[in-house]
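In my numbering, the protein residues as written are 589 to 704. Comments concern the structure below.
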């Protein structure tokens with residue numbers, strides 16, 4: 589049976605932490621541009637920084653949402669956590685599609701979000 593309280597809490601955690609992560613990611617992008625301007629020789633290394641922060645932050649957000657869901661839903665934990673993952677990642681992907689920005693990385697994030 590689906591635990592609606594667990595789903596609501598998990599989705600809320602993912603949305604709130606996801607918005608905080610987006611704020612941090614924006615700060616990282618701004619810092620990346622400053623570093624590229626000041627240190628053009630290291631642009632290859634500097635350009636990987638947003639990917640590391642993005643993947644790491646995304647992992648933490650999805651794990652936290654799954655943990656909250658699993659803590660509340662004592663039965664059928666995998667089902668409830670999977671529903672939270674699919675719904676939140678699907679919502680994020682839907683916003684990306686509406687802007688016409690769907691690409692391979694979006695699909696990889698979708699798959700990783702469901703797994704974690």
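Cβ atoms here follow ideal geometry from the backbone N, Cα and C, with glycine treated the same way. What you are looking at is a predicted structure, and each value in this text was computed from that prediction instead of being measured.
The stretch 667-685 touching the stretch 641-658, judged by at least three CB pairs closer than 8 Å: They touch, by the three-pair rule.
Residue 625 versus residue 665: straight-line alpha-carbon distance, rounded: Those two C-alpha atoms are separated by around 48 Å.
Beta-carbon proximity check, residue 616 vs residue 633, cutoff 7 Å: Against a cut-off of 7 Å, the Cβ pair of residue 633 and residue 616 comes out as no contact.
Given residue 589 as reference, the closest of 662, 677, 699 and 678 once Cα atoms are compared: Closest by alpha carbon: 662.
Whole-number beta carbon distance between residue 594 and residue 668, since they are thought to touch under 8 Å: About 5 Å; that satisfies the 8 Å criterion.
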